[in-house]
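Asks: Just passing along the structure, written as structure tokens.
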Amino acid sequence: MKKKVLLMGASGSGKTSMRSIIFSNNPASLTSRLGATIDVEQNHVRFLGDLILNLWDCGGQDAFMDSYLTSQRATIFQHVGVLIYVFDIESREAAKDLEYYRDCLEGLRQFSPNAAIFLLVHKMDLVRAGREVTFEKKRDELQECSPELSLSVFGTSIYDESLYKAWSNIVHTLIPNANILSTHLSTFAQACSATEVILFERTTFLVIATSSSSSSRPALSSTNGRTNNDARQSDNPANTLDPTRYERTSELIKAFKHSCSRVRGEFHSLEMELWDFTAVLDEMTKNTYVLIIVHDPSIETAALKLNIRMARRKFEELQGDSLISS
Amino acid sequence: MAAAPSPADHPHNGLDAPDGPVQRTKVLLLGLRRAGKTSILEVLFNQLPPKQTFYLETTMRIVKHQVDTVIPLEIWDTPANVTAENLGAPLSEFSSIIFVIDIRDLYNQPISKLVEFILAANKAKGDIPIEVFVHKAEKLQEEDKIENYRQINDRVLDRLIDIDPDYEHLNISFHLTSVYDHSLHESFSKVLQKLVESLPFLEGLLNVFCANSQSPKAFLFDIRSRLYVATDASPVDSATHNLCCDYLQMLNSFGPLYKSITSGSSRQRPATQTPTPAASSGPSRSPSLHDSAAGSQSSDAPISPGPPKKHPKELFYPSAATTLHPVTPGTTLTYHLITRHLALLAVLPTSVYESRRGLLEYNIVFFREGIQEICDVEDEVRDGG
Numbered sequence: 001m002k003k004k005v006l007l008m009g010a011s012g013s014g015k016t017s018m019r020s021i022i023f024s025n026n027p028a029s030l031t032s033r034l035g036a037t038i039d040v041e042q043n044h045v046r047f048l049g050d051l052i053l054n055l056w057d058c059g060g061q062d063a064f065m066d067s068y069l070t071s072q073r074a075t076i077f078q079h080v081g082v083l084i085y086v087f088d089i090e091s092r093e094a095a096k097d098l099e100y101y102r103d104c105l106e107g108l109r110q111f112s113p114n115a116a117i118f119l120l121v122h123k124m125d126l127v128r129a130g131r132e133v134t135f136e137k138k139r140d141e142l143q144e145c146s147p148e149l150s151l152s153v154f155g156t157s158i159y160d161e162s163l164y165k166a167w168s169n170i171v172h173t174l175i176p177n178a179n180i181l182s183t184h185l186s187t188f189a190q191a192c193s194a195t196e197v198i199l200f201e202r203t204t205f206l207v208i209a210t211s212s213s214s215s216s217r218p219a220l221s222s223t224n225g226r227t228n229n230d231a232r233q234s235d236n237p238a239n240t241l242d243p244t245r246y247e248r249t250s251e252l253i254k255a256f257k258h259s260c261s262r263v264r265g266e267f268h269s270l271e272m273e274l275w276d277f278t279a280v281l282d283e284m285t286k287n288t289y290v291l292i293i294v295h296d297p298s299i300e301t302a303a304l305k306l307n308i309r310m311a312r313r314k315f316e317e318l319q320g321d322s323l324i325s326s
Numbered sequence: 327m328a329a330a331p332s333p334a335d336h337p338h339n340g341l342d343a344p345d346g347p348v349q350r351t352k353v354l355l356l357g358l359r360r361a362g363k364t365s366i367l368e369v370l371f372n373q374l375p376p377k378q379t380f381y382l383e384t385t386m387r388i389v390k391h392q393v394d395t396v397i398p399l400e401i402w403d404t405p406a407n408v409t410a411e412n413l414g415a416p417l418s419e420f421s422s423i424i425f426v427i428d429i430r431d432l433y434n435q436p437i438s439k440l441v442e443f444i445l446a447a448n449k450a451k452g453d454i455p456i457e458v459f460v461h462k463a464e465k466l467q468e469e470d471k472i473e474n475y476r477q478i479n480d481r482v483l484d485r486l487i488d489i490d491p492d493y494e495h496l497n498i499s500f501h502l503t504s505v506y507d508h509s510l511h512e513s514f515s516k517v518l519q520k521l522v523e524s525l526p527f528l529e530g531l532l533n534v535f536c537a538n539s540q541s542p543k544a545f546l547f548d549i550r551s552r553l554y555v556a557t558d559a560s561p562v563d564s565a566t567h568n569l570c571c572d573y574l575q576m577l578n579s580f581g582p583l584y585k586s587i588t589s590g591s592s593r594q595r596p597a598t599q600t601p602t603p604a605a606s607s608g609p610s611r612s613p614s615l616h617d618s619a620a621g622s623q624s625s626d627a628p629i630s631p632g633p634p635k636k637h638p639k640e641l642f643y644p645s646a647a648t649t650l651h652p653v654t655p656g657t658t659l660t661y662h663l664i665t666r667h668l669a670l671l672a673v674l675p676t677s678v679y680e681s682r683r684g685l686l687e688y689n690i691v692f693f694r695e696g697i698q699e700i701c702d703v704e705d706e707v708r709d710g711g
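Here you go:
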């Protein structure tokens, strides 16, 4: 199954940088070496085995943008699964950025009316004071530009976990059976006496699904679904955990994977018994990793590893099923 | 004593409020304006992201930072105009002098100032180690970097030899550093090691551990600052050091991430043994070490026979292991907490870790006891002084 993902935004807004961090395991410090993208760079990223992301990184210089909107209009905007539009928060030509954004939305409405749209307000690290306020203002401005859409807007920076949060949400919309995975993960969590179980994609380490159900994947559950989820979850200790833990975990593991690659090693597994919790991170299927968090001190890591080994086949099957059915 | 200590008693940081007159080892940090002195301290001890150091204000007066690493330090961050005379303390009080030079600054000014201080320090106390950090290495390309580093090195030594040929043998070390990579940690580790009096004993224990656990390399790290306090006798390979440093950083960040407010209190391992561990281990401490330390201070401070030790032996020590593939035949990095400040990071063949984990942990128990005894003696001496 192939999904077309359009990555658009003004030149220098950070599209290629974030792509290189998420999909190529490069550290943020090396992104300054990237040059400007000329025209469209197409990538096929194998994600979750048989799900292939066809990533169109569209160079943002005016000449290219004009051509996307005119001569290449059909090629660019048809069969789009997801549009990711990146705004540089420090942009000096915000008005022009918005104009192009509006034109792109128009193109998308014409050729792929069902595409999901994500807006990333990027380079948030450059905002020195009042980050929250600046972001809110920008979001309102974007909402004004596209009144008929319910927008998913994320403030992002390549220097912290916010980038992983945004991309995990994006990817989540592309996975057809995320809810089924969640259900199975909670069964698995129960079997392990775990507080929480999190499933990651292997190469990007983006979060695919968690045992604490779909409500923790925000942005997706609309407001009406939230009330009953809250009630159901109120006694789950996972609720008291740090709300940014998923994306921070992605960020930490990605950084460590990069460290490993510098000694020509490849990260394989991790187990920890720390003051506050026990955790095991290990391969689940050939393209996913699982992280089990246990607060019960009597559970040993070896038992968790054994459980992972026994659950492997089931999860391989689940993945296989999903890909055939979609 | 019998109650197992709650997790709250084990802060992951080293910045405990200093209670009582603990004797601190003094380190003097010198350099011209904007050389990077405050940046170095902030990155090492306050976890400031290197990118943010750009926004630090210029230091206008002497700031004394109390830092609790394996030994308690007092680091004096100074403004550029400080001299040996207006420092406010004799140079002989300092155990180490770090001089920071911007690598792009090849002119006379920093070198004159450095030479001036070297001479003053030598007059005050002959054996103060002088550490020159040729800093901001990231600003130059690889070739220029080495060239400038060498030039600064040569100029300082030439100037000293011009003054007196005997100065060739002064205790001066040069380090090429940058806050953007591991060079700062590695260099500062070496500075710290010279200040740890018990270093030979720590190294001895590490050698024994490595020999008996088939570990090709093991480090004793100060957890919070990620400086290594000691390592075994095999040469330090920067790549391995960097990996261990990153591993420690990851574990430090992971710790608070899944901390649960509701289930946190149930976390301590149940104390099942009937005798409390503190009681059983108190008298069995190595008498020779204990006595020599106590003897040296008995004249000015009577030791109360009450609580035998400040901290009882704990039943649970955090540990972690990560496995790398496909470096043949597979490498495992282990982490074991040793004291409140120290952790052992060891590189092991995965086969050894998987098949002999029990023996490994057995070795670590003894290693830990040894290190704890050494640290306790050190603490006692400092508290008494």
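Chains A and B supply the protein sequences, listed in that same order. So that you can map any letter, position 321 of the first sequence is 321 in this note's numbering, and since no number is skipped, the others follow by simple counting. So that you can map any letter, position 284 of the second sequence is 610 in this note's numbering, and since no number is skipped, the others follow by simple counting. Glycine residues also receive a C-beta, built at the ideal position from the N, C-alpha and C atoms. Remember, it's a predicted structure, so these values are computed and weren't measured experimentally.
Cutting at 6 Å between CB atoms, please list the residues of its own chain near residue 570 of chain B, excluding the five before and the five after it.
Replies: Cβ neighbours of residue 570 of chain B beyond the five flanking positions: 545, 671.
Asks: Could you tell me whether the segment 152-165 of chain A touches the segment 187-202 of chain A, where touching means 3 or more Cβ pairs closer than 8 Å?
Replies: With the cut-off at 8 Å, the segment 152-165 of chain A and the segment 187-202 of chain A do not touch.
Asks: Could you tell me which residues DSSP puts in a beta bridge with residue 645 of chain B?
Replies: Its beta-bridge partners are A:273, B:662.
Asks: Is residue 450 of chain B close to chain A, meaning its C-beta is less than 8 Å from at least one C-beta of that chain?
Replies: For residue 450 of chain B, the answer is no, since every Cβ of chain A falls outside 8 Å of its Cβ.
Asks: Report, in whole angstroms, the separation of the C-beta atoms of residue 288 of chain A and residue 200 of chain A, which I expect to be a contact under 8 Å.
Replies: Going by Cβ atoms, the distance from residue 288 of chain A to residue 200 of chain A rounds to 6 Å, so yes, they are a contact pair.
Asks: Given this structure, state the Cα-to-Cα distance separating residue 617 of chain B from residue 443 of chain B, to the nearest angstrom.
Replies: The predicted model places residue 617 of chain B with a pLDDT of 39, which falls under 50 and marks its position as unreliable; any figure quoted below should be read in that light. Their backbone Cα atoms lie some 40 Å apart in a straight line.
Asks: If we cut at 8 Å on Cβ distances, does residue 644 of chain B have a partner in chain A?
Replies: With 8 Å as the cut-off, residue 644 of chain B counts as an interface residue toward chain A.
Asks: With a 10 Å radius around its C-beta and 16 neighbouring C-beta atoms as the bar for buried, classify residue 17 of chain A as buried or exposed.
Replies: The residue is buried, with at least 16 neighbouring Cβ atoms inside 10 Å.
Asks: Would you call residue 209 of chain A buried or exposed, if buried means 16 or more other Cβ atoms sit within 10 Å of its Cβ?
Replies: Flag for residue 209 of chain A reads buried.
Asks: Let me know the secondary structure DSSP gives residue 392 of chain B once reduced to three states.
Replies: Three-state DSSP puts residue 392 of chain B in a strand.
Asks: Start and end of the beta strand (DSSP E) containing residue 556 of chain B?
Replies: First-last of the beta strand (DSSP E) with residue 556 of chain B: 553-557.
Asks: Quick test of the definition: if touching needs 3 or more C-beta pairs under 8 Å, does the segment 376-386 of chain B touch the segment 554-572 of chain B?
Replies: No, the segment 376-386 of chain B does not touch the segment 554-572 of chain B.
Asks: Residue 249 of chain A touches chain B at which residues, Cβ-Cβ below 9 Å?
Replies: Here the neighbours are 580, 583, 584.
Asks: Per DSSP, what kind of secondary structure is residue 338 of chain A in: helix, strand or coil?
Replies: This structure does not reach residue 338 of chain A, given that chain A is present from 1 up to 326, and the question cannot be answered.
Asks: By alpha-carbon positions, which one of B:521, B:429, B:404, B:370 ends up nearest to residue 468 of chain B?
Replies: Closest option to residue 468 of chain B, Cα to Cα, is B:429.
Asks: Measure how close the beta-carbons of residue 463 of chain B and residue 438 of chain B come, nearest whole angstrom, since I'm counting them as under 8 Å.
Replies: 22 Å between Cβ atoms; not a contact.
Asks: Going by C-alpha distance, which of A:292, A:251, A:252 is nearest residue 271 of chain A?
Replies: Closest option to residue 271 of chain A, Cα to Cα, is A:292.
Asks: Can you confirm whether residue 245 of chain A, when its beta carbon is compared against all beta carbons of chain B, has any partner nearer than 8 Å?
Replies: So yes, residue 245 of chain A belongs to the interface.
Asks: Out of A:48, A:137, A:42, which one is the CA nearest neighbour of residue 56 of chain A?
Replies: Among A:48, A:137, A:42, the Cα nearest to that of residue 56 of chain A is on A:42.
Asks: For the structure I just gave you, are there three or more beta carbon pairs, one from the segment 493-513 of chain B and one from the segment 448-464 of chain B, closer than 8 Å?
Replies: Touching, per the Cβ criterion.
Asks: Could you check the C-alpha separation between residue 178 of chain A and residue 202 of chain A for me, to the nearest Å?
Replies: If you take the alpha carbons of residue 178 of chain A and residue 202 of chain A, they lie about 16 Å apart.
Asks: According to the neighbour-count rule (16 or more other Cβ atoms, all chains shown, within 10 Å of its Cβ), is residue 414 of chain B buried or exposed?
Replies: By the 10 Å Cβ count, residue 414 of chain B comes out exposed.
Asks: Which of the three DSSP states is assigned to residue 668 of chain B in this structure?
Replies: Residue 668 of chain B falls in the strand class under three-state DSSP.
Asks: Anyone know if the C-beta pair for residue 6 of chain A and residue 19 of chain A falls short of 8 Å?
Replies: Cβ atoms of residue 6 of chain A and residue 19 of chain A: not closer than 8 Å.
Asks: Rank A:290, A:275, A:268 by C-alpha distance to the C-alpha of residue 656 of chain B and give the top, closest one.
Replies: Cα-wise, what sits closest to residue 656 of chain B is A:268.
Asks: From the beta carbon of residue 651 of chain B, is the nearest beta carbon of chain A less than 8 Å away?
Replies: Closer than 8 Å to some Cβ of chain A, the Cβ of residue 651 of chain B qualifies, so yes.
Asks: Who are the near neighbours of residue 58 of chain A in its chain, counting only those whose CB is closer than 6 Å to its CB and skipping five residues on each side?
Replies: For residue 58 of chain A, where only same-chain residues beyond five positions count, the Cβ hits under 6 Å are 8, 40.
Asks: For residue 577 of chain B, return the contacting residues in chain A, with the cut-off set at a CB-CB distance below 8 Å.
Replies: Ordered by position in chain A, the residues that pass the 8 Å Cβ test against residue 577 of chain B are 272, 274.
Asks: Under the three-state reduction of DSSP, which class applies to residue 58 of chain A: helix, strand or coil?
Replies: Reduced to three states, the DSSP call for residue 58 of chain A is strand.
Asks: In its own chain, which residues sit with a C-beta less than 6 Å from the C-beta of residue 508 of chain B, not counting the 5 before and 5 after it?
Replies: Excluding sequence neighbours, residue 508 of chain B sits near 568, 571.
Asks: Relative to chain B, which residues along the segment 280-309 of chain A have a C-beta separation below 7 Å, given in chain order?
Replies: Cβ contacts with chain B: 293, 295, 297.
Asks: Which residues of chain A have a Cβ atom closer than 8 Å to the Cβ of residue 572 of chain B, listed in chain order?
Replies: By Cβ distance, chain A contributes 255, 256, 259.
Asks: To the nearest angstrom, report how far apart residue 499 of chain B and residue 426 of chain B are at their CA atoms.
Replies: Each residue's alpha carbon lies about 12 Å from the other.
Asks: Nearest CA to the CA of residue 97 of chain A: which residue from A:12, A:174, A:167?
Replies: Nearest of A:12, A:174, A:167 to residue 97 of chain A, Cα basis: A:12.
Asks: Below 8 Å CB to CB, which residues in the same chain sit around residue 648 of chain B once its five sequence neighbours on both sides are set aside?
Replies: Within the same chain, residue 648 of chain B has close Cβ partners 573, 658, 659.
Asks: Given that residue 268 of chain A touches chain B, what residues does it touch there, using C-beta distances under 7 Å?
Replies: By Cβ distance, chain B contributes 649, 650, 651.
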